[in-house]
Each structure stands twice: as structure tokens, then as C-alpha cells.
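K.L.:
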Amino acid sequence: MNKRNRYKRGKLVQGFILLLFAVILVVVVFKARHIIGKMGFVNDGIEHYKKQQWIEAEESLQRAKGYRWFHYKEEEATSTLTALSWITEYKDYIADLYGKVTESSEGKDLDAFEDYVSEYEVSGFLNLTDSQRQYLLEKYPIDQAIFTGWTHFKASIVNELENPMQGKYNWAKEKIFLVPAQYFSQDKEDAILALFKKCDQELYDRYAVATGIQTFRDLIDKLSDIYVTNRAYDFETEWLTPQVKRFMYETLIQKSKEETKTFEQYISAYRSGADPAYKDEAIEKIVEDFMVEKEKEIEKFLKAKEYDTLITLYKELKYFKDYTKEIEVAEKMQKYEHPEMLLQQPIEQYDFIQTGTNSFDANQYLIAMNKNTNKLELILFIGEYQDYEVNTHEFNLNDLGITPDEVKQIDVGDYLVGLRVAGTNKAIRLPILRFTNNRLEYLTEFEGDQIELIDGLKHLKITNPSNEAIPYTYDYILGEEGYEKQEIATTPINLSDTNLANYEGKLVKFSCYVSEDSNDGIVNAYYYVGNTFYSDSMAYIYREDGVAINKGSYTVIGEIVSMEPFYNTDLQLEVLRPKIRVLEMQKE
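Per this note's numbering, the very first residue in the sequence shown carries number 86; after that it's consecutive.
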């Protein structure tokens, strides 16, 4: 047992010694490699530095700094690394910036490219010595990348300016100023100005075509874009202004001779969008001349009373001048000239539309019968030609028992309206309305074989009126209480006159005595004095209505129809006596 134990302990000790030896060996190897590594990096760095391989020197010495457990040429390594501090500071920066410049150039990202170039131009890199800069630029040729980038971008920008219809000319106008002067073959400002001119002329030539209002508006918009954009770069676009002014003048002078609406569209587009640089007083003179001609048209239509055309023209010219009041006046004048416009229903619904003046206390009136409502409508214009009020009145024809299609004629006079229709017992029936108390009222009516207006409806001459028993033509004159029958004009005679034949066919008035009753209205009438009548002075009188004539003294109005022979039994001889048709008899 003791022997076995001693053997085990011996094995353990041996294992431990071997393990310790292995650890020591690893430490020694690691230390050796550390020492060898650092010495290698330091020596390489110093050797690269001597050969002016500064990036490799800086990288080797930086790696050597990582070996802190062993010191080897520390002073020399530190001083060398200090001398290479510019490499430490700029090699990664310039490498990164070079990559970004190249990438943005190849990716056509001008904004990013310009930012990186600007950053480069203000960086401390440019403060390095020529040899230092040259060394880094050989490694990272950023200047060449910048040159290549600007050359590429300038070509792209110029292409957009020379071909503006591609649509990026405003972008190109902005970006061309970023290109450094050395990339232009002439003075930069002169070169840019030439490009602007070429670009603008190309755009103008493409848009300056007057094929319609939309192309004209497009030109205005495009010119506005050109002028405003150029002004932002202190260019006044004077190279376009003369030809733009000429084009605008020629276009607008032509459009002023076309329809008013067309000219309005063009001049409106010009006024609202034209840049101040090419606005011209000559254009406004076109408008003035245009309006002079239009005012002549207005005067012509006004004199001709062509109000529809006049009002249409006023409305067409509203852009150039406010004709609101003139339209109101024209519409009033039109209604005055065409009062049927004020009818309540379409004109085809009316019969007997007629107008007149100076009746019903109105300067003008219109009277018509509405077939739909069976009403007579009276429209009155109160006031002057251009300043009047309109009053409308109605009368229901049902109250007269007639309809519009029965009316053959409407007579109007002063405050009266007569409606001629077929009579019940006579040829003509004439209901008469009177305008009083600002309304139409029924006044009276007549029937007769013939009705003649002597003084309008104020004086009527009616043949055989139905309200008179004896046929004759009577005169009726309107008085304060209505129509009054006028006394018949006659020649006074005596039945004793020997010249009665001279009055044949004429109306006469005389006194007579009827000696006996007559039931048939036919009787002899005698001349009398006091209570004595004379059989030798007599007349044969008769009433056409057959009304009885009683014995007595009368005043008679009648017509001597003829002189007839008559045998007078009292005188025992034949005499001539007048045959008289009685019109009126009044007992004395």
C-alpha cells in the first residue's frame, strides 16, 4: 500500500511539473512573439517612413502601439508617429470623402456632390504641405474625381438648357451657377447668359403659336416662368422682350377684330399673366380702340331699339366695363317697347294683344285676354320711357259671360275698355269697362246693328240699339253718371208750312194734335193753334214699333219719308201730306 501510494504521488508531481512547464513555455512563446511582433512593426514603420511610405509607416507604428508589454525604440517610434500625425488625421477622412465624391458623381447626385466638394474645399486637408497633399492625392485622387464630376454635371446641365423641352431647364438654370468658372471655355457669366438666351429662345419659339386661347395662355405662363426665374439670377430677359411685345401686339390686334368673347379671353389672359417687363401701353390702346368701336355698335343698337342685341353686347363687354346700370335701362326700355314681355304667361296663351299710349293715367298700356284664365289683363306703364313703374290689373270675363275667343275687337279710350262680341238680338254687343279707383270695373253695355266710335268710347253712335224701341242711329255720350242719349238734331217745322217737300229725308221736329186714338201706332196728326186744329195742315205719322198713340197734343221728332197725295174730304180736294216716321213723341 505504501509503495502504491508513493507511486501515485510521484505521478501527480510529475504531471504538475509537466503542466507548469507547458504554461511557462506558452508564456515564453507568447512573450517572444510579442517582442518579435512589436520589433517588426516598429522596424517596418521606421523603414517605411524613411522611404516616404507614410501611410504604411503610420499604420505599422500604430499597430506597434498595441504591444504595450515590451518597449522597443519607443522614443524613435513616438517621434516618427508624431511626424505622421497628418496621416493619422487625414488618411481616413480623405479616403472616405474620395469615395463619397466618386459615388455621388457616378450616381448623378449633384446636390450631394456639391456638398462634398464644398466640404473638401474648406477642410484642413488643403493646409497640408504640397508634398503631403500630393502623397494623399496619389492614394486617393479626389481632385481628379472632382474634375470628372464637374465635367459630367456641367455637360448634363448644359444639355438641359440646350434642350429645354425635356422639362428640367429651371433646374439647370439654378445648377449652372454651381459649376466653377474653370469649367467654362469663356467668362462664366457670359457663358451662362448665352445658355439662358438659347434656352429661352427655344422655349419661346415652341410656345409662340397663336393656335387658340389655350396655347396663348400656355405662352403667358411659360413667359412668366422665364422672366421670374431669370430675374432671380439678376437677368432681365431683355433678349426676349422686343419679340414678345411684337407677338402680343399682333395677336391681340387680330383678336380685337374677332368675336368679343374671343378678345376678352385673350386680353384677360394677357392682363392677368403678362410680366411687367413686356407689358405695353400699345396693348391698352388696342382695348381703347376696341371699346370705341363697341360704343358705336351700342349707339346703333340703341337707336334701332334692338334691345336683345344691345343687352347681349352689354353682357359680352362686362369684362371691359361695368354695364350693370345700362343693362337695367335697356331691359326697361325693351319692356316698354315690347310690353308683352310682362304678360304673366307665354304669349301664345293670349288673344288681342294690343298697346296704346296716354290712357288710364299711363304713358303706355298693354291689354290682352288670357285664354287659360279667361281674364282680361291690363298692364300700365306709369312714368317716363326709361323711368317708369308697372301696374297690372285683371278683369274676369266670366262676369260678362264671354270668353276670349268670342271677342272680335277691343276698343280702348281714356279710362274705358270696350269688348265687341256677337249680340243676342243685334249684330254687336259692346260691354264697357271703366278704369276707376285703380281697378277695372263693369260700367254698362250696348247692343246694336252697328256701333261707331266718334270720340273713342266716350261718344258712341249706335244704329238700332236694343235699348231703344224705335230703330234709328242714336248718339250716346259718357257723362258723370254714365252714358246719356243725345237729343236728335232736327229742323223745326210747322205742319202748315207749304214747303215741307223740301225736308223730305230729313229729321224734323214739330207740334201736332192727334184727334183720335190709334192702337197700331198709325194716325193723322194735325197742325193746331190753341184748341183748334186744321185738317188742311196734316201729316201721316207712324211708329215702327207699333206702340198705340192716344188722342192729344204732342211734340214729335221724326223723319219725313215722303210727300204723299191725299184726298182731303173736308176740303174736297187732293193735297200732298208728309209721311213721317216717328222717332220720339212727347205728350204736351
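Where is the CB? At the ideal position from N, CA and C, for every residue including glycine.
Remember, predicted model here, so these are calculated numbers, not experimental data.
1. Helix or strand or just coil, what does DSSP make of residue 529?
2. Report the option in 247, 518, 640 whose CA atom is closest to the CA atom of residue 284.
3. Among 370, 458, 353, whose alpha-carbon lies nearest the alpha-carbon of residue 431?
4. Taking C-alpha atoms, which residue in 193, 251, 245, 177 lies nearest to residue 67?
5. Between the segment 342 to 362 and the segment 285 to 293, can you find at least three pairs of beta-carbon atoms closer than 8 Å?
6. Skipping 5 residues on each side, what residues in its chain have a beta carbon closer than 8 Å to that of residue 637?
7. Drop a sphere of 10 angstroms on the beta-carbon of residue 275, count the other beta-carbons inside from all chains shown, and report buried for 16 or more, exposed for fewer.
8. CA-CA distance, residue 537 and residue 547?
9. Let me confirm a value: residue 111 is counted as buried when at least 16 other C-beta atoms fall within 10 Å, else exposed. Which label applies?
10. CB-CB under 7 Å to residue 263, same chain, minus the five flanking residues each way: which ones, in chain order?
11. So, helix, strand or coil for residue 409, using DSSP?
12. Do residue 337 and residue 363 have their CB atoms nearer than 8 Å?
13. Closest to residue 463 by C-alpha separation, out of 558, 182, 501, would be which residue?
14. Taking the Cβ atom as the reference point for each residue, do residue 519 and residue 513 lie within a distance shorter than 8 Å?
15. Starting from the Cα of residue 313, find the closest Cα among 332, 515, 359, 300 and give me that residue.
16. For residue 214, which of helix, strand or coil comes out of DSSP?
17. DSSP three-state call for residue 226: helix, strand or coil?
18. Only counting the same chain, and skipping five residues up and downstream in sequence, which positions put a Cβ closer than 8 Å to that of residue 468?
19. Under a three-way DSSP split, which group does residue 510 fall into?
20. Going straight from the alpha carbon of residue 662 to that of residue 495, what length do you get?
21. For residue 591, does the count of other Cβ atoms within 10 angstroms reach 16, so buried, or fall short, so exposed?
22. Go through its chain and collect everything with a Cβ distance to residue 353's Cβ below 7 Å, but skip five positions before and after it.
23. What separation, rounded to the nearest whole angstrom, lies between the Cα atoms of residue 517 and residue 528?
24. I'd like the ranges of any beta strand (DSSP E) spanning at least 3 consecutive residues and lying wholly in the segment 544 to 628.
25. In terms of residue numbering, what span does the beta strand (DSSP E) encompassing residue 476 cover?
26. How would you call residue 114, buried or exposed, if buried means at least 16 neighbouring beta carbons within 10 angstroms?
27. Rounded to a whole number of angstroms, what is the C-alpha to C-alpha distance between residue 465 and residue 384?
28. So residue 641 and residue 670 are supposed to be a Cβ contact under 8 Å. How far apart are they, rounded?
29. Residue 238: which of 190, 461, 418 sits nearest, CA to CA?
30. Taking the beta strand (DSSP E) that residue 663 falls in, what are its first and last residues?
31. Could you work out which residue in 664, 261, 558 is closest to residue 573 when comparing CA atoms only?
32. Are residue 639 and residue 581 closer than 8 Å when you measure CB to CB?
33. Below 7 Å CB to CB, which residues in the same chain sit around residue 556 once its five sequence neighbours on both sides are set aside?
34. Measure from the alpha carbon of residue 392 to the alpha carbon of each residue in 436, 368, 377, 417, then state which is nearest.
35. Below 8 Å on the Cβ atoms is my guess for residue 626 versus residue 646; work out the distance and round it to an integer in Å.
36. Which term fits residue 532, buried or exposed, when burial requires 16 or more other beta carbons within 10 angstroms of its beta carbon?
P.N.:
The relevant details are as follows:
1. Sequence index remark: in the sequence shown, residue 529 carries index 444 (1-based). Per DSSP, reduced to three states, the secondary structure at residue 529 is strand.
2. Residue numbering aside, residue 284 sits at position 199 when the sequence shown is read from its first letter. Closest option to residue 284, judged by alpha-carbon separation, among 247, 518, 640: 247.
3. Working through the sequence shown from its first residue, we reach residue 431 at position 346. Among 370, 458, 353, the Cα nearest to that of residue 431 is on 458.
4. Nothing in the structure corresponds to residue 67, since the chain is present only between 86 and 673.
5. With the cut-off at 8 Å, the segment 285 to 293 and the segment 342 to 362 do not touch.
6. By 1-based counting over the sequence shown, the position of residue 637 is 552. Close CB contacts of residue 637 within its chain, under the 8 Å cut and outside five residues either way in sequence, are with 598, 599, 672, 673 (chain order).
7. On the sequence shown, position 190 is the one that residue 275 refers to. With fewer than 16 other Cβ atoms within 10 Å, it is exposed.
8. Counted from its first residue, the sequence shown places residue 537 at position 452. Counted from its first residue, the sequence shown places residue 547 at position 462. The alpha-carbon atoms of residue 537 and residue 547 are separated by roughly 6 Å.
9. Looking up residue 111 in the sequence shown gives position 26. Per-residue confidence for residue 111 stands at a pLDDT of 48, beneath the threshold of 50, marking its modelled position as unreliable; the derived number appears in the next sentence. The residue in question, residue 111, is exposed, as its Cβ has fewer than 16 Cβ neighbours within 10 Å.
10. Mapped onto the sequence shown, residue 263 falls at position 178. Excluding sequence neighbours, residue 263 sits near 199.
11. Counting from one through the sequence shown, the residue named residue 409 turns up at place 324. It is helical.
12. Against the sequence shown, residue 337 aligns to sequence position 252. Against the sequence shown, residue 363 aligns to sequence position 278. Result no, Cβ atoms of residue 337 and residue 363 do not sit closer than 8 Å.
13. In the sequence shown, the residue the question calls residue 463 occupies position 378. Residue 501 is the option with its Cα nearest to residue 463.
14. The residue labelled residue 519 in the question sits at position 434 within the sequence shown. The residue labelled residue 513 in the question sits at position 428 within the sequence shown. Residue 513 is positioned such that its CB atom lies no closer than 8 Å to that of residue 519.
15. Position 228 of the sequence shown holds residue 313. Of the candidates 332, 515, 359, 300, 359 places its Cα closest to the Cα of residue 313.
16. Translated into the one-based positions of the sequence shown, residue 214 becomes position 129. In the three-state reduction of the DSSP assignment, residue 214 falls in the coil class, being assigned neither a helical nor a strand state.
17. Taking the sequence shown and counting its residues from 1, the one referred to as residue 226 is at position 141. Three-state DSSP puts residue 226 in coil, outside helix and strand.
18. Taking the sequence shown and counting its residues from 1, the one referred to as residue 468 is at position 383. Cβ neighbours of residue 468 beyond the five flanking positions: 448, 474.
19. Here the question's residue 510 lines up with position 425 in the sequence shown. Looking at residue 510 - three-state DSSP - the assignment turns out to be coil, as it is neither helix nor strand.
20. As a position in the sequence shown, residue 662 is number 577, starting the count at 1. As a position in the sequence shown, residue 495 is number 410, starting the count at 1. For the pair residue 662 and residue 495, the Cα-to-Cα distance works out to about 47 Å.
21. By one-based count along the sequence shown, residue 591 stands at place 506. That one is exposed.
22. As a first step, residue 353 is located in the sequence shown; it is residue number 268 there, counting from the start. 404, listed in sequence order.
23. The count along the sequence shown starts at 1 and reaches residue 517 at position 432. The count along the sequence shown starts at 1 and reaches residue 528 at position 443. In this structure, the CA atom of residue 517 is about 6 Å from the CA atom of residue 528.
24. Qualifying beta strand (DSSP E) stretches, in chain order: 544 to 548, 558 to 564, 567 to 570, 592 to 599, 607 to 614, 617 to 628.
25. The count along the sequence shown starts at 1 and reaches residue 476 at position 391. Where residue 476 is concerned, the enclosing beta strand (DSSP E) stretches over 473 to 481.
26. In the sequence shown, counting from the first residue as 1, residue 114 sits at position 29. Confidence in residue 114 is poor, its pLDDT being 43 and thus under 50, which makes the residue's placement unreliable; the coordinate value appears in the next sentence. By the neighbour-count rule (16 or more Cβ atoms within 10 Å), residue 114 is not buried but exposed.
27. For the purposes of this step, residue 465 is taken as residue 380 along the sequence shown, with counting starting at 1. For the purposes of this step, residue 384 is taken as residue 299 along the sequence shown, with counting starting at 1. Put simply, the backbone Cα of residue 465 is about 28 Å away from that of residue 384.
28. Residue mapping note: residue 641 aligns to position 556 of the sequence shown, counting from 1. Residue mapping note: residue 670 aligns to position 585 of the sequence shown, counting from 1. At roughly 5 Å, the Cβ-Cβ gap stays under 8 Å, so residue 641 and residue 670 are in contact.
29. For this step, residue 238 is matched to residue 153 along the sequence shown. When each option's Cα is compared against that of residue 238, the closest is 190.
30. Stepping through the sequence shown from its first residue, residue 663 is reached at position 578. Boundaries of the beta strand (DSSP E) around residue 663: 658 to 672.
31. Looking up residue 573 in the sequence shown gives position 488. Cα-wise, what sits closest to residue 573 is 558.
32. Along the sequence shown, one-based indexing puts residue 639 at 554. Along the sequence shown, one-based indexing puts residue 581 at 496. Going by C-beta atoms, residue 639 is not nearer than 8 Å to residue 581.
33. Start at 1 with the first residue of the sequence shown, and residue 556 comes out as number 471. Closer than 7 Å at the Cβ level, and outside the excluded window around residue 556, lie 549, 629.
34. Here residue 392 refers to the residue found at position 307 when the sequence shown is read from its first residue. Relative to residue 392, the option among 436, 368, 377, 417 whose CA is nearest is 417.
35. Residue mapping note: residue 626 aligns to position 541 of the sequence shown, counting from 1. Residue mapping note: residue 646 aligns to position 561 of the sequence shown, counting from 1. A Cβ-Cβ distance of about 10 Å is found for the pair residue 626 and residue 646, leaving them out of contact under the 8 Å criterion.
36. Indexing the sequence shown from 1 puts residue 532 at position 447. Note on residue 532: 16 or more other CB atoms within 10 angstroms of its CB, so buried under the neighbour-count rule.
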